[in-house]
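Numbering (the numbering used here) for the sequence shown: 2 to 104.
Where is the CB? At the ideal position from N, CA and C, for every residue including glycine.
Small disclaimer: the values here were computed from a predicted structure and weren't measured.
A quick write-up on the structure given underneath.
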Amino acid sequence: MASETYLDFCFIQEPTGTLTEFVNRNFQELFKFERRLHWHLEEKTEEGAEIVVAEVKGMSRWASSEDIIEFLETHAEDRFWKTLQGYQFKVYPVSKGCTPNAR
């Protein structure tokens with residue numbers, strides 16, 4: 002089953018200039034089998050912290066937010082969890098075929 006998938010992440014660490022590269026590399030590895038997911042990273046530095054806001058969207062095989070969390074718990078590395086400060090997931094399963102509109 003395919004699902005429309007929208008993932009938002011916020012990563013924060015002390016400024017090193019490496020967080021964006023880390024998040025991008027991590028997403029490449031985590032989502033390598035989800036070929037129809039694409040992401041955009043926005044980086045900024047505020048109040049002595051390096052921040053990366055990541056928006057991931059596209060089609061995936063996950064049916065629920067719980068599926069995504071289970072996947073990340075199994076596959077994401079320690080630094081992912083240490084820098085992750087927040088997330089929001091929305092998954093909309095797409096039904097196969099079309100149903101006619103009732104009139």
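- Determine the direct distance from the alpha carbon of K91 to that of E48, and round the result to whole angstroms. Taking the first residue of the sequence shown as 1, we reach residue 48 at position 47. Taking the first residue of the sequence shown as 1, we reach residue 91 at position 90. Between E48 and K91, the C-alpha separation is close to 30 Å.
- Using DSSP bridges, identify the partner residues of P94. To locate residue 94, count along the sequence shown from 1; it is residue 93. Under DSSP, the beta-bridge partners assigned to P94 are S4.
- Item | Buried/exposed call for W63, threshold 16 Cβ in 10 Å | Here the question's residue 63 lines up with position 62 in the sequence shown. Around the CB of W63, 16 or more other CB atoms lie within 10 Å, so the residue is classed as buried.
- Item | Rounded straight-line distance, which links the Cα of A3 to that of R104 | By one-based count along the sequence shown, residue 104 stands at place 103. By one-based count along the sequence shown, residue 3 stands at place 2. Here R104 scores only 45 on pLDDT, less than 50, and its place in the model should not be relied on; the value that follows carries that caveat. Using only the alpha carbons, I get a separation of about 28 Å.
- Task: Compute the beta-carbon to beta-carbon distance between L20 and E51, rounded to the nearest angstrom, for a pair I have assumed lies under 8 Å.
- Result: Locating residue 20 in the sequence shown gives position 19, counting from the first residue. Locating residue 51 in the sequence shown gives position 50, counting from the first residue. Rounded, the Cβ-Cβ distance is 5 Å, consistent with contact.
- Query: Just the Cα atoms here: how many angstroms apart are M60 and W40?
  - Reply: Here the question's residue 60 lines up with position 59 in the sequence shown. Here the question's residue 40 lines up with position 39 in the sequence shown. The alpha-carbon atoms of M60 and W40 are separated by roughly 12 Å.
- Item | Pairwise C-alpha distance: N25 and K33 | For the purposes of this step, residue 33 is identified with residue 32 of the sequence shown, where counting begins at 1. For the purposes of this step, residue 25 is identified with residue 24 of the sequence shown, where counting begins at 1. If I take the Cα positions, the gap works out to 12 Å.
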